[in-house]
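Everything below concerns the one structure shown next.
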Amino acid sequence: MLADIDYFYAQVEERDNPLLKGKPVIVCVFSGRTEDSGVVATANYEARKYGVKSGMPIALAKKKLLKADAKFIPMRHDYYKTVSEKVMAVLRDKADAFEQVGIDEAYLDVSLKINGFDDAERLAGMIKEEVMSKERLTLSIGIGPNKVIAKMASDLSKPNGIKAIRPEDVVNVIHPLPVDRLPGVGKKTYDRMVEAGIATVGDLAHFDRAKLVNLFGISLGNYFHNAANGVDDDLVHEKGEQESISRIVTLKEDTNELEGVMESIRPLCEEVADKASKRGLLFRSIGIIAITKDLGIRTRSKSLHVATNDKVILTKVVDELFSKYLEESKVKLRRAGVLVSNFEKKGTGQDVLTRYF
DNA sequence: CTCTGCCTTAC
DNA sequence: CCAGGTAGGCAGAG
Numbered sequence: 015m016l017a018d019i020d021y022f023y024a025q026v027e028e029r030d031n032p033l034l035k036g037k038p039v040i041v042c043v044f045s046g047r048t049e050d051s052g053v054v055a056t057a058n059y060e061a062r063k064y065g066v067k068s069g070m071p072i073a074l075a076k077k078k079l080l081k082a083d084a085k086f087i088p089m090r091h092d093y094y095k096t097v098s099e100k101v102m103a104v105l106r107d108k109a110d111a112f113e114q115v116g117i118d119e120a121y122l123d124v125s126l127k128i129n130g131f132d133d134a135e136r137l138a139g140m141i142k143e144e145v146m147s148k149e150r151l152t153l154s155i156g157i158g159p160n161k162v163i164a165k166m167a168s169d170l171s172k173p174n175g176i177k178a179i180r181p182e183d184v185v186n187v188i189h190p191l192p193v194d195r196l197p198g199v200g201k202k203t204y205d206r207m208v209e210a211g212i213a214t215v216g217d218l219a220h221f222d223r224a225k226l227v228n229l230f231g232i233s234l235g236n237y238f239h240n241a242a243n244g245v246d247d248d249l250v251h252e253k254g255e256q257e258s259i260s261r262i263v264t265l266k267e268d269t270n271e272l273e274g275v276m277e278s279i280r281p282l283c284e285e286v287a288d289k290a291s292k293r294g295l296l297f298r299s300i301g302i303i304a305i306t307k308d309l310g311i312r313t314r315s316k317s318l319h320v321a322t323n324d325k326v327i328l329t330k331v332v333d334e335l336f337s338k339y340l341e342e343s344k345v346k347l348r349r350a351g352v353l354v355s356n357f358e359k360k361g362t363g364q365d366v367l368t369r370y371f
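If you want the numbering used here, it's the 1-based position in the first sequence plus 14.
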């Protein structure tokens, strides 16, 4: 199963404020640069009727909703996180294997506790009821013989639905769909596929596997071929440790000056170092993220010889990386960020003083 | 094989 | 008109 909380952030806001019911609700990330700068995180279905979508500039969403009584609400990420944890606890409890994906989705392997797809549909209904009674939230649940099919089934069931795709129906259900409904096919890949004459999932299924590998690489090429044929042997497994920690901000104004950037960046170095320390992690790679005024993304990074979590070292390396970057680049920066990765668990890595004893 | 930089997806 | 955080793959250079 793939269980997905419907229009999550906006649904939580509706739940907590009945006055919002029936109105377009848009949960926004305001960047603080101007009154309306920022993007839409989630919109409820009322707002979607007007063409409002996740990732859209808030200013554009407001334009589309000029004549509607729409509510624009600032995102409360920490709160949604705690709500998510409660829902996930219910879901995890129902599965033999569990894999959370993002804040509002999870795969549940329930093969061992059900007997056939009818039974799985009953279980999905019980899960939805339990989440409704405990958290007052609706879910959509897709059921299939593997993860890709379960995911596609959940998309077809939204909102507040249950849909099972049985093995014997897989091909008939997915082959007519446009190829970008296959998970992993985004805008860029879709354009390339259309260029190659692939418009539907069925087209993709019948496309030569070797050619797909040529076009998209060995890993993606084989994934596309198998998935389009309803085949996916990816296991449902609990995610491992986090592999990177990053923070990024929008600058007050576009700039090309080191001090202007570092002013905004230094607090982020602190936060990142603190977060690593809190988790008992030492990082060996330090990176910067630069987003130019035309929204292009540049990154620079550097690996250290010895892992650290020292914010002074972090800040100094970040300063050097930005200094070097700003010398090379001409375009002004709109946003800037810090990333650390290549973690070692504190205490298990090499200890310079004691290692040789 | 490692490091680096970039691309792409997705929530 | 434009956030923020994380993952994973690929390619080129060393």
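Note that beta-carbon positions come from the ideal geometry of N, C-alpha and C, so glycine has one too.
Contact between I300 and T313 fails: their C-beta atoms lie close to 11 Å from each other, not under 8 Å. Taking the Cα positions, H189 is about 7 Å away from A242.
DSSP, read as helix, strand or coil, puts P190 in coil. For secondary structure counted as the beta strand (DSSP E) over 3 or more consecutive residues, the segment 220–308 holds these complete runs in sequence order: 258–269, 295–306. Around the beta carbon of L122, 16 or more other beta carbons sit within 10 angstroms, so the residue counts as buried.
If only uninterrupted alpha helix (DSSP H) runs of at least 4 residues are considered, none is enclosed by the segment 329–364. Contact holds between the segment 61–78 and the segment 44–53, because three or more Cβ pairs, one in each stretch, are under 8 Å apart. Taking a C-beta distance under 7 Å as the contact criterion, E284 and K325 qualify as a contact pair. In this structure, E135 places its C-beta atom within 7 Å of the C-beta atom of A178. With respect to the 7 Å criterion, N186 and D246 are not classified as neighbours on the basis of their beta carbons. In the three-state scheme derived from DSSP, where H, G and I count as helix and E and B as strand, V26 is classed as helix. For L196, there is no enclosing alpha helix (DSSP H), as DSSP marks it with neither H nor E.
Scanning the segment 91–148 for uninterrupted alpha helix (DSSP H) segments of 4 residues or longer gives 91–107, listed from N- to C-terminal end. The beta carbons of V43 and A57 sit no closer together than 7 Å. Burial state of Q25 is buried, judged by a 10 Å Cβ sphere holding 16 or more other Cβ atoms. In summary, A224 is exposed, with fewer than 16 beta-carbon neighbours lying within 10 Å of its beta-carbon over all protein chains present.
A check of alpha carbon separations from F297 across K359, E149, E341, K78 identifies K359 as the nearest. The alpha-carbon of S45 is positioned some 37 Å away from that of G231. Per the coordinates, the alpha-carbon of R206 lies some 10 Å from the alpha-carbon of A213.
The residue among L229, F22, V250, P197 with its C-alpha nearest the C-alpha of E209 is L229. One alpha carbon belongs to V215, the other to Y204, and they sit about 11 Å apart. Relative to the Cα of D183, the nearest Cα in the group A61, E149, G158, V162 belongs to G158. In this structure, K85 and K35 do not form a Cβ contact; the two beta carbons are roughly 11 Å apart against a cut-off of 8 Å. In this structure, N323 keeps its C-beta atom at 7 Å or more from the C-beta atom of A350.
For the options V345, G294, R280, the alpha carbon positioned closest to that of E334 is the one of R280. The three-state secondary structure of G216, taken from DSSP, is helix.
Between I117 and S98, the CB-CB gap stays under 7 Å. With a beta-carbon spacing of about 11 Å, I311 and R348 fall beyond the 8 Å limit used to define contacts.
Under DSSP, R314 shares a beta bridge with I302. Between the C-alpha atoms of Y94 and M146 there is a straight-line separation of about 16 Å. At the C-beta level, N174 and D20 come within 7 Å of one another. In the structure shown, K63 falls within a coil segment according to DSSP collapsed to helix, strand and coil. Contact check for R150 and R293: beta-carbon distance about 32 Å, past the 8 Å limit, so the pair fails to qualify. D18 has E119, S154 as its beta-bridge partners, per DSSP.
The Cβ atoms of S258 and L137 do not sit closer than 7 Å to each other.
Residue pairing from DSSP leaves V208 without any beta-bridge partner.
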